[in-house]
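Peer 1:
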Amino acid sequence: MAFFALTAFSAGADGTSAVARDNQPFHNGAELAGGDLSGLNLSGAQLNRSDMQSCLLAGTDFSKASLFLSDLRDANLTGASLNEVMAERATLADAVMVNANLSGGCLKGADLMGADLTGADLRGIDLSGATGGGAKLTLCNIFGSALIFSNFTRANLSHSDLSGSVISGSCFGDGDLSSADLSRANAEGAIMDGANLAGADLSYADFSDSQMHRSVLAGARMNEFNGSGICMGGSDLTGAVLARADLRDARLHDAVLAGADLSGADATGACLEDAYLMGANLSGMRLIRTNLDGSNLSHLNMSGINAISAKMSWSDISSSNLSSSHLCRAEFYGSKMGSSDLSHADLARAYMMRADLSAARMAGADLTSTDLTGATMAGSNLSSAILHETVLNDANLSAAILSSARLEGLNLMGADFSSAWLDGAILQGPMLMEDVNLSRADLRDAWMELILLKNVSLAGADLRNASLTMIMMIDVDLSGADLRGIRFDEFTLKNILNCSRNGTVMSRDLRERLAELEGESRQRLAGR
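Position in the sequence shown (first residue = 1) + 1094 = the numbering used here.
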C-alpha cells in the first residue's frame, strides 16, 4: 500500500519534489517501509517515529530532517545527505550509508549495529550513547565528533579520522582502528580491549583511565599521549612512539614494547611487570616507584633516567646503558645486569642482592649503603666508585676493577676479591673483613686504615707502597704477597708478625723490623 502512495507522489515533470507538491505521506509516524524514496528532497521533513525499514534512500536529502525514534533498519542511504539530521534513538541497524553525509547530525542513542558507513562524512556528529557493534566505518571523517558512552564493539574504523573527537567512556573492544587518526581525542575511560590500533595516531590524545588490555598498537604514534591510569596489560606496542607520554600509574604488565620510543616519558608508579622492552629507548624517562619486576630491559638506552625506588627484581638489564641514572633505593634482586653501563649512576641504598653484574661498568657509581649480598661482580669496573657502608657479604668481585675506589665502613663477610684491582683504593675503617679472599689482588698504593682482617687470604697479593694503619690480622695468609715499600704503624707491624709469610716479598727494613720483633717475642717467652 505504501508503494502506491509513493508512486503517486514521485517527482513531477516540472522537477519539483514530492514534498514540494504534496507532503501528506511524509509526516510523523509515516508508514514507508520498503518504499523507493531515492533522490527525493526531504530536507526539514518531520518523520519522527516513522517506519522506513528496507527503504531505498540513495541520494535522498534528509538534511535538517527529524527522524527521532524512526526505524531505518536495512535501508539503503548510499550517498544520502543527512547533515544536521535529528535522529536520536533512531534504528539504523544494517543500513547502508556508504559516502553519506551526516555531518553535524544528532544520532544520540541510535542503533547502528552492522551498519555500513564506509567513507561517510560524520564531522561534528553526536553519537553519544549510540550502539554500533560490528558497524563498518572505514575511511570515515569523524573529526570533532561526540561519541560519549557509545558502544562500537567489533566495529571497523580503520583509516578513519577521529581527531579532536570526544569518545570518553565508549567501548571499541575487539574493534579495528588500525591507521586511524585519534590525535587530540578525548578518550578518558574508553574501553578498547582487544582492539587493533596498529599504525594509529594517538598523539596528544587523552586516554587517561581507559582500558586497552591485549590491544595491538604496533607502530602507533603516541607523542605526548596521556595514558595516566590506563590499563594496557598484554598489549603489543612494538615500535610505538611514546615520546614524552604521560604513563603515570599505568598498568602495562606483560606488554610488548620492543623497539618502542619512550624517551622523556613519565611512568611514575606504573606497572610494567614482565614487560618486554628489548631495544626500546628509555632515555630521560621517569620511572619513580615503577614496577619492572621480571621485565626484559636488555640492550636499552636508559641513560639519565630517574628510577628512584623502582622495582627491577629478576629483570634482564644486561648490556643496557643506565649511566648517570638516578637509581637510589631501586630494587634489583637477582637481576641480570651483566655488561650493563652503570657508570656515575646513583645506586645509594639500592637493593641488589644476588644480582649478576659480571663485567658491568660502574666507574664513579655511588653505592653508599647499597646491599650487594651474594652479587656477582666478576670483572666489573668499579674504579673511583663510592662504597660507603656497602654490603658485600658473599659477593664475587674476582678480577673486578676498583682502582681509586672508596671502600668505607664496610663489613665484608665471605666476599671474593681474588685478582681484583684495588690499586690506589681507600679502605677506611672501622671495617671488618672476615673469610674474604684477596689472593692475587692488586693493592698497590692502597690506603688501608682501622680494619680487622679475620681469616683473610692475601696470598700472592701486590701491596707495594700501600699504607697500612691500625690493621688487626687474625689468621691472615700473606704467602707470596709483595709488601715492598709498604707504610705501616707499630700496631700493624705486630700483626704482620703473626701472619703466614711463606715466600712473602718485603723490603729489608720490614724484614729487619719483623726479625727484631720475633727476637723480642722469643726473649719474653724464655723469661717466663
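We treat Cβ as the ideally placed atom computed from N, Cα and C, and that holds for glycine.
Rounded to a whole number of angstroms, what is the C-alpha to C-alpha distance between Leu1572 and Ser1419?
Peer 2: Cα to Cα, Leu1572 sits roughly 40 Å from Ser1419.
Peer 1: With a 10 Å radius around its C-beta and 16 neighbouring C-beta atoms as the bar for buried, classify Asn1320 as buried or exposed.
Peer 2: It is buried - the Cβ of Asn1320 has at least 16 other Cβ atoms within 10 Å.
Peer 1: Beta-carbon separation of Gly1263 and Ile1242 under 9 Å?
Peer 2: Yes, the pair counts as a contact, with Cβ atoms nearer than the cut-off.
Peer 1: Hey, Asn1390 and Asp1360 are a contact pair by Cβ (cut 8 Å); roughly how many whole angstroms apart?
Peer 2: With a Cβ gap of about 21 Å, Asn1390 and Asp1360 do not count as contacting.
Peer 1: For Ser1615, I'd like the list of residues in its chain whose CB is within less than 8 Å of its CB, leaving aside the five on either flank, ordered along the chain.
Peer 2: Taken in chain order, the residues that qualify are Leu1591.
Peer 1: With distances taken between CB atoms, is the gap from Ala1204 to Leu1221 smaller than 9 Å?
Peer 2: A contact, by the Cβ cut-off of 9 Å.
Peer 1: Contact check, Ala1489 vs Gly1473 under 8 Å by CB: the rounded distance?
Peer 2: Contact flag wrong, Cβ pair sits at about 13 Å.
Peer 1: Rounding to the nearest angstrom, what Cα-Cα distance links Gly1432 and Asn1475 in this structure?
Peer 2: One C-alpha to the other measures close to 11 Å.
Peer 1: Do you know whose CA, among Asp1300, Asn1170, Asn1559, lies nearest Gly1258's CA?
Peer 2: For Gly1258, the nearest C-alpha among the options comes from Asp1300.
Peer 1: For Arg1558 and Leu1537, what's the separation of their Cα atoms in angstroms?
Peer 2: When rounded, the distance between both Cα atoms is 7 Å.
Peer 1: Look at the alpha carbon of Ala1493 and the alpha carbon of Ser1392, and state the distance between them as a whole number of angstroms.
Peer 2: Looking at the two C-alpha atoms, the distance is approximately 24 Å.
Peer 1: Return the bridge partner residues of Asp1435 from the DSSP annotation.
Peer 2: Answer by DSSP bridge pairing, in chain order: Asn1415, Arg1455.
Peer 1: What is the DSSP secondary structure of Ser1615, counted as helix, strand or coil?
Peer 2: Of the three classes helix, strand and coil, the one that applies to Ser1615 here is helix, per DSSP.
Peer 1: Going residue by residue through the region 1565-1610, where are the continuous alpha helix (DSSP H) segments of at least 4 residues, counting only ones entirely within it?
Peer 2: Runs of the alpha helix (DSSP H) inside the region 1565-1610: 1584-1591.
Peer 1: Applying the criterion that 16 or more other CB atoms from any shown protein chain within 10 Å of the CB defines a buried residue, is Asp1583 buried or exposed?
Peer 2: Exposed, because fewer than 16 other Cβ atoms sit within 10 Å of the Cβ of Asp1583.
Peer 1: Measuring straight from C-alpha to C-alpha, what distance separates Ala1624 and Ile1382?
Peer 2: In the structure displayed, the chain extends from 1095 to 1622; residue 1624 sits before or after that span and is not available.
Peer 1: What are the boundary residues of the beta strand (DSSP E) that includes Gln1147?
Peer 2: Run containing Gln1147: none; DSSP gives neither H nor E here.
Peer 1: Looking at the unbroken beta strand (DSSP E) that takes in Asn1490, where does it start and where does it end?
Peer 2: Neither: Asn1490 is in no beta strand (DSSP E) and is coded neither H nor E.
Peer 1: For Asn1317, collect the residues of the same chain with a Cβ closer than 8 Å to its Cβ; drop the 5 residues on either side in sequence, then sort them by chain order.
Peer 2: Here the set comprises Ser1297, Tyr1298, Val1335, Leu1336, Ala1337, Arg1338, Ala1339.
Peer 1: Would you mind reading off the limits of the beta strand (DSSP E) that contains Ile1480?
Peer 2: That run of the beta strand (DSSP E) goes 1480-1482.
Peer 1: Between which residues of its own chain and Ser1197 is the CB-CB distance below 6 Å, once the five residues before and five after are set aside?
Peer 2: Closer than 6 Å at the Cβ level, and outside the excluded window around Ser1197, lie Asn1177, Asp1215, Arg1217, Gly1218.
Peer 1: Is the beta carbon of Asp1188 closer than 9 Å to that of Gly1173?
Peer 2: Cβ atoms of Gly1173 and Asp1188: not closer than 9 Å.
Peer 1: Got a sec, what are the start and stop residues for the beta strand (DSSP E) Gly1398 sits in?
Peer 2: Element bounds for Gly1398: n/a, residue is neither H nor E.
Peer 1: Assuming Leu1546 and Leu1516 make a contact with CB atoms under 8 Å, what is their CB distance in whole Å?
Peer 2: No, Leu1546 and Leu1516 are not in contact; Cβ-Cβ is about 18 Å, not under 8 Å.
Peer 1: Quick one: is Pro1524 buried, meaning 16 or more other Cβ sit within 10 Å of its Cβ, or exposed?
Peer 2: Pro1524 is exposed by the Cβ-count criterion.
Peer 1: Measure the C-alpha to C-alpha separation of Ala1354 and Glu1502 and round it to an integer number of angstroms.
Peer 2: The alpha-carbon atoms of Ala1354 and Glu1502 are separated by roughly 41 Å.
Peer 1: For a quick check, are the C-beta atoms of Leu1211 and Leu1231 less than 9 Å apart?
Peer 2: The answer is yes: Cβ separation under 9 Å.
Peer 1: Who are the Cβ neighbours of Met1456 in its own chain at under 7 Å, not counting the five residues just before and after it?
Peer 2: Answer for Met1456: Leu1436, Ser1437, Ser1474, Asn1475, Leu1476, Ala1479, listed in chain order.
Peer 1: Check whether the Cβ atoms of Asp1165 and Ala1127 sit closer than 9 Å, and answer yes or no.
Peer 2: Yes, these two residues count as a Cβ contact at 9 Å.
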